[in-house]
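Engineer: Going down the list, the sequences are from chains A and B.
With full-length UniProt numbering as the guide, the letters of the first sequence map in order to residues 1 to 342.
With full-length UniProt numbering as the guide, the letters of the second sequence map in order to residues 1 to 72.
No residue lacks a Cβ here, since even glycine has one placed at the ideal position from N, Cα and C.
None of these values were measured; they are calculated from a predicted model.
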Amino acid sequence: MAADKAEMDVLKKECDGLRTQIEAARKGVNDGNMSSAAGSATDVGRVQLKLRKSLKGHLAKIYSMHWASDSRSMVSASQDGKLLVWDTHTGNKLVAVPLKSAWVMSVAFAPSGNLVASGGLDNMCTVYNIKAASPKTLRELDAHTGYLSCCRFLSDTEIMTASGDTTCCLWDLETGKQKIIFTNHIGDCMSLALSPDENTFISGACDSLAKLWDLREGTCKQTFSGHTSDINAIQFFPNGNAFVTGSDDCSCKMYDLRSDQEVITYQDASLNAGVTSLTLSNSGRLIFAGYDDFNCHIWDSLKGEKVGVLSGHDNRVSCTGVPADGMGVCTGSWDSFLKLWN
Amino acid sequence: MSSGMQSSSSMAQARRVVQQLRMEASFERIKVSKASSDLMRYCGEHAKNDPLLMGIPTSENPFKDKKPCTVL
Chain A
1 MAADKAEMDV LKKECDGLRT QIEAARKGVN DGNMSSAAGS ATDVGRVQLK LRKSLKGHLA
61 KIYSMHWASD SRSMVSASQD GKLLVWDTHT GNKLVAVPLK SAWVMSVAFA PSGNLVASGG
121 LDNMCTVYNI KAASPKTLRE LDAHTGYLSC CRFLSDTEIM TASGDTTCCL WDLETGKQKI
181 IFTNHIGDCM SLALSPDENT FISGACDSLA KLWDLREGTC KQTFSGHTSD INAIQFFPNG
241 NAFVTGSDDC SCKMYDLRSD QEVITYQDAS LNAGVTSLTL SNSGRLIFAG YDDFNCHIWD
301 SLKGEKVGVL SGHDNRVSCT GVPADGMGVC TGSWDSFLKL WN
Chain B
1 MSSGMQSSSS MAQARRVVQQ LRMEASFERI KVSKASSDLM RYCGEHAKND PLLMGIPTSE
61 NPFKDKKPCT VL
C-alpha cells in the first residue's frame with residue numbers, strides 16, 4: 001500500500017510537471033493575438049441579412065438541424081417526435097419521419113442524401129433510409145450509456161456519435177457495431193465536428209475542454225482549455241487548421257490547431273446568454289452563433305467584433321447551419337420555427 | 001470492491017493521464033502570429049466566394065420567395 005501511494009505521488013508530480021511544461025510551451029509561441037494581427041484586414045461593416053423564409057411545421061421545440069450536401073434539402077428534429085426533411089427553396093416538406101422516442105437532441109444528413117440519423121435521451125442513434133417509399137429504420141445503434149448529443153455521417157457506412165456518457169464513437173453501419181470508442185473527456189460530450197479531410201474530428205464537452213482526435217487511431221491528439229463552462233457547439237474553420245467553440249460561459253473562442261491554443265475570444269459585456277450553436281460562412285470570416293437570448297449574433301472571426309444579429313425567434317436559438325454553397329444561414333429555435341436568412 | 005482494487009484502477013487511470021500528457025507535451029507548436037496570418041490569408045482569398053459576405057443578387061437568391069404567378 002505504501003508502495004502504491006509512493007507511485008501515485010510520483011505520477012501526480014509528473015502530471016503537474018507536464019502540465020506546467022505544456023503551458024510554458026504554449027506561452028512560448030504566443031507572440032501576439034489574432035485581433036491585433038487582424039488590424040490590417042478589411043472591415044466587413046454591418047452584416048444585415050434578411051429573413052427569407054419561416055418554416056412552420058414542427059409542434060414543439062426544435063433541437064437540431066442539418067443541411068444536405070445539395071445545399072437545398074435540410075432535416076430538422078423536434079421534441080414533437082418528428083424529423084422533417086425540407087426543400088428550402090420552396091419551403092415544402094418532403095419527408096416526415098416519426099420517432100420512437102420524442103426526446104431527440106441531434107439530427108444529421110448523410111452526404112449521399114439517402115440517410116438521416118437522430119438520437120437523444122434514448123441513448124441511441126437511429127439511422128433511417130428516407131429514399132424508400134416511406135422512411136425505413138435501417139439501424140438502431142445502441143451502446144452508449146448516456147444521451148446522444150450529436151451525430152455526423154462519414155458516409156452511408158460509417159457514422160460518428162457524441163454522448164452524455166463522455167465518449168464519442170465511430171460506428172460501422174453495415175454491422176451496427178462500434179468500431180472505435182474515443183475516451184478522454186471527463187464530462188458529457190455535447191458536440192463534434194469532422195475535419196475537412198475526415199482524418200480527425202474535434203469534440204466539445206461539459207468538462208469545458210475541446211479535444212482533437214485521430215479518427216482512425218482512436219487517440220486524443222490535443223486538448224484545448226480556456227472556457228469556464230460547458231462547450232455546447234464546435235465547428236472547424238474551413239481550412240481545417242482552426243476551430244470555433246460556443247459555451248455556456250457566454251463566449252465563443254477560436255483555437256488554432258498548430259499553435260495548440262486559443263487565439264481569440266468572442267464576447268460582449270452585454271451578452272449574458274449561453275451559446276447553444278454555431279456555424280461559419282464559407283470563407284470563415286463570419287461566425288453565426290445562436291444564444292439563449294433568442295438571437296443569433298454574427299461575429300467577425302478575425303477582428304472579434306459583433307457585426308450583426310439575426311432577430312426574429314421567440315425563444316432560444318438551438319441550432320444553426322450554413323449549407324455547402326454558403327448561400328444562406330438557417331436558424332432553428334425552441335419556438336418551433338426554422339428561419340432562412342441571407 | 002476492496003480498497004486494493006480501487007487503488008489499482010485509479011493507478012491505471014493516473015498512468016493513462018501521464019501517458020496522454022507526455023504525448024500532448026511533445027507537440028511541435030507554431031507561433032500564434034503565423035497561425036493568425038494564415039487564417040487572415042485564407043479569409044482574404046475566399047472572401048469573393050462567400051455569398052453571405054459579398055451579398056446575393058435578387059435574381060440568384062434561392063431562398064427569396066418568387067413573385068406569385070396568375071393562371072389566366
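Count the other CB atoms within 10 Å of the CB of B/Lys66; is the residue buried (16 or more) or exposed (fewer)?
Structural biologist: exposed
Engineer: Would you please verify whether the beta carbon of B/Pro62 is less than 8 Å from any beta carbon of chain A?
Structural biologist: yes
Engineer: Of the residues A/Ser270, A/Gly240, A/Thr137, A/Phe236, which one's Cα is nearest the Cα of A/Thr279?
Structural biologist: A/Phe236
Engineer: With 9 Å as the limit, tell me which residues of the region 21 to 38 of chain B have their beta carbon closer than that to any beta carbon of chain A; keep them in chain order.
Structural biologist: Cβ contacts with chain A: Leu21, Arg22, Met23, Glu24, Ala25, Phe27, Glu28, Arg29, Ile30, Lys31, Val32, Ser33, Lys34, Ala35, Ser36, Ser37, Asp38.
Engineer: Please state if the CB of A/Leu173 and the CB of A/Asp188 are separated by a distance shorter than 8 Å.
Structural biologist: no
Engineer: According to DSSP, is A/Ala68 part of a helix, a strand, or is it coil?
Structural biologist: coil
Engineer: Of all Cβ atoms in chain A, is any one closer than 8 Å to the Cβ of B/Pro57?
Structural biologist: no
Engineer: Hey, is A/Met1 close to the ligand GTP, as in C-beta under 7 Å from one of its heavy atoms?
Structural biologist: Questions concerning the ligand GTP fall outside what the structure shown contains, since it holds no ligand whatsoever.
Engineer: Give me the chain A residues within the contact set of B/Ala14, using Cβ-Cβ distance strictly less than 8 Å, ordered along the chain.
Structural biologist: By Cβ distance, chain A contributes Met8, Leu11, Lys12, Cys15.
Engineer: By the DSSP assignment, the alpha helix (DSSP H) with B/Met40 in it spans what residues?
Structural biologist: 32 to 46
Engineer: For B/Thr58, does the three-state DSSP call read helix, strand or coil?
Structural biologist: helix
Engineer: With a threshold of 8 Å between beta-carbons, can A/Thr223 be considered close to chain B, or not?
Structural biologist: yes
Engineer: Taking A/Arg139 as part of the beta strand (DSSP E), name the residues at either end of that continuous run.
Structural biologist: Membership of A/Arg139 in the beta strand (DSSP E) is indicated by the continuous run 136 to 142.
Engineer: Buried or exposed: which applies to B/Pro51, given that a residue is buried once 16 or more other Cβ atoms fall within 10 Å of its Cβ?
Structural biologist: buried
Engineer: I want to see whether chain A comes within less than 8 Å of B/Met1, judged by CB atoms only; does it?
Structural biologist: Confidence is the limiting factor: at B/Met1 the pLDDT is only 46, short of 50, which leaves the residue's position unreliable, though a coordinate-based value still follows. Contact of B/Met1 with chain A is not assigned, every C-beta pair being separated by 8 Å or more.
Engineer: Name the two residues that bound the continuous alpha helix (DSSP H) containing A/Gln21.
Structural biologist: 2 to 29
Engineer: Who does A/Trp171 pair with in a DSSP beta bridge?
Structural biologist: A/Ile159, A/Gln178
Engineer: Where does A/Gly119 sit, in a helix, a strand or coil, going by DSSP?
Structural biologist: strand
Engineer: Just how far apart, CA to CA, sit B/Met1 and B/Ser8?
Structural biologist: With a pLDDT of 46 at B/Met1, under the threshold of 50, the predicted position of this residue should be treated as unreliable, though the coordinate-derived value follows. The straight-line gap from Cα to Cα measures roughly 11 Å.
Engineer: Is there a Cβ from chain B that is less than 8 Å from the Cβ of A/Asp207?
Structural biologist: no
Engineer: In the structure shown, what three-state DSSP assignment does B/Gln13 receive?
Structural biologist: In this structure, DSSP gives B/Gln13 a helical state, which the three-state scheme calls helix.
Engineer: To the nearest angstrom, how far is the alpha carbon of B/Gly55 from that of A/Thr175?
Structural biologist: 46 Å
Engineer: Does the region 13 to 28 of chain A touch the region 23 to 38 of chain B, meaning 3 or more C-beta pairs lie closer than 8 Å?
Structural biologist: A contact is defined here as three or more CB-CB pairs under 8 Å, and the region 23 to 38 of chain B meets this definition with respect to the region 13 to 28 of chain A.
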